[in-house]
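The structure appears below as structure tokens.
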Amino acid sequence: MNMASIGILCSIIFVILIRANAAFVKVQCMTESVGQYGQQSLLDCNVKHAEEVSDFKIRVVVWKKEGVDEPVLMFNKEEITSHPDFQFAEPSWNNRNMNVSLLITNTKVVDSGAYTCMVIGNTGDDMSDTNLKVTAKYKVPTISSIPEKITLNTGGSLICKSDGGYPKGEIRWFDEYNTDWTKSAKMEAKQTTSGLFQLSSELTLLQGSVFSKYICQVFNASGGKEAETTFDISDVINKNNTIEEENSRTELPFHFVARTVVIGSVIIGLLLALLISKRRSRCKYPQPPIMFLVRISIFFSNHIIMKLYNQTFGAFAGVM
């Protein structure tokens with residue numbers, strides 16, 4: 002028998018032994034688990050052994066994460082060693098407990114990935130793979146505007162921001178008629194040191210084509226909507242209209258009073274001119290022209306009007 006035949010025979014024997022051991026021990030893990038950032042995550046794995054094995058004991062359990070050299074959890078020689086935030090799902094676990102599930106007490110973004118659980122028992126060994134998918138929900142978005150006050154005629158930009166999410170999500174824009182304006186916006190996504198994403202989207206509003214309401218919605222990586230915020234431009238318009246109405250209400254009484262004063266002053270001036278003219282007709286002094294007296298009355302009327310104007314609008318400016 003040559004060396005090549007011996008190598009093939011050894012390989013066959015090795016495979017047979019592995020299958021024989023696997024027939025006595027079987028590790029069964031869930032294909033994938035989903036964990037929430039900052040919460041506990043469970044990788045569910047259990048050990049099955051042949052019914053004819055009455056005194057089965059676990060000698061070694063090794064949990065490894067892909068890309069990490071050292072095991073995140075290991076049981077060997079009756080001792081348990083683990084990385085921080087990793088432990089057996091059952092606190093009172095022992096070598097006769099067939100539940101070898103891994104518990105991550107404080108899930109981080111870096112914890113996502115592929116894991117392998119290997120179990121060695123007194124009658125055989127086996128291993129199984131599982132995957133952890135980490136997600137984080139985005140916060141309710143906030144909207145700011147440039148300039149601070151936008152009207153239907155001025156235009157400007159709306160900036161929507163949301164953070165604290167994972168994986169990378171998307172910001173979408175809609176108006177009050179549910180028209181999608183996302184393609185007209187520019188979005189940026191930055192990943193922080195924690196692995197979470199910060200999303201920012203800027204929507205430019207062209208002058209003369211501004212709607213009264215814009216909605217910013219945040220979607221996760223799976224396409225599900227997580228939160229939204231509405232920016233109502235009509236609020237700014239209503240505030241401006243309110244100020245104009247207040248101004249018109251203040252100006253209306255003033256114009257009425259001013260006209261009344263002018264007309265009254267002219268009438269009084271004419272009456273005074275006639276009275277003075279009659280009295281001076283009895284005297285030897287020459288009579289002053291009646292138009293001169295009228296001009297004097299108009300002069301004093303204007304003086305009264307300006308005084309009323311300053312008092313009215315001076316008080317209004319103090320209130321504003």
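Convert by adding 1 to the 1-based position in the sequence shown; the result is the number in the working numbering.
We treat Cβ as the ideally placed atom computed from N, Cα and C, and that holds for glycine.
Between L204 and L159, the gap from beta carbon to beta carbon is short of 9 Å. Here DSSP, grouped into helix, strand and coil, assigns V73 to coil. 9 Å or more divides the Cβ of G156 from the Cβ of F220. As computed with DSSP, E80 is found in a beta bridge with N77.
Apart from sequence neighbours up to five positions away, the residues of its chain that approach M31 with a beta-carbon distance below 7 Å are D45, T131, ordered along the chain. Across the set K27, Y38, V28, E33, the C-alpha of Y38 shows the shortest separation from the C-alpha of T136. Looking at the DSSP output, M119 bridges to V63, M128. Within the DSSP bridge table, the entry for R97 names no partner. Residue environment for K162: buried (at least 16 other C-beta atoms within 10 angstroms of its C-beta). In this model, K214 and N179 are separated by some 10 Å (Cα to Cα). Ranked by Cα distance from F57, the options G166, S210, K150, T124 are led by T124. Nearest C-alpha to S83 among I105, S93, R97: I105. With fewer than 16 other Cβ atoms from the protein chains shown falling within 10 Å of its own Cβ, T194 counts as exposed. Rounded to whole angstroms, the Cβ separation of L197 and G165 is 5 Å, and the two are in contact under 8 Å. For N47, the enclosing beta strand (DSSP E) stretches over residues 46 to 50.
Short of 7 Å from the beta carbon of V28, and not among the five residues preceding or following it, lie these beta carbons of its own chain, in chain order: C46, V48, C118, V120, D127, M128, S129. I151 sits close to V211, with the two beta carbons spaced by under 9 Å. When the beta-carbon positions are compared, L200 and I234 stay at least 9 Å from each other. A residue is called buried once 16 or more other Cβ atoms fall within 10 Å of its Cβ, and S42 is buried on that count.
Counting other Cβ atoms within 10 Å of its Cβ, K134 stays below 16 and is therefore classed as exposed. Taking every protein chain shown into account, the CB of G209 has fewer than 16 other CB atoms within 10 angstroms, so this residue is exposed. Rounded to whole angstroms, the separation of the alpha carbons of Q88 and V73 is 9 Å. Relative to G114, the option among W94, S146, P168 whose CA is nearest is P168.
DSSP places D86 in the coil class of the three-state scheme, outside both helix and strand. Taking the Cα of K184 as reference, the smallest distance to any Cα among F175, S93, P142 is reached at F175. Per DSSP, S185 is not a residue of any beta strand (DSSP E), being assigned neither H nor E.
Boundaries of the beta strand (DSSP E) around D164: 157 to 166.
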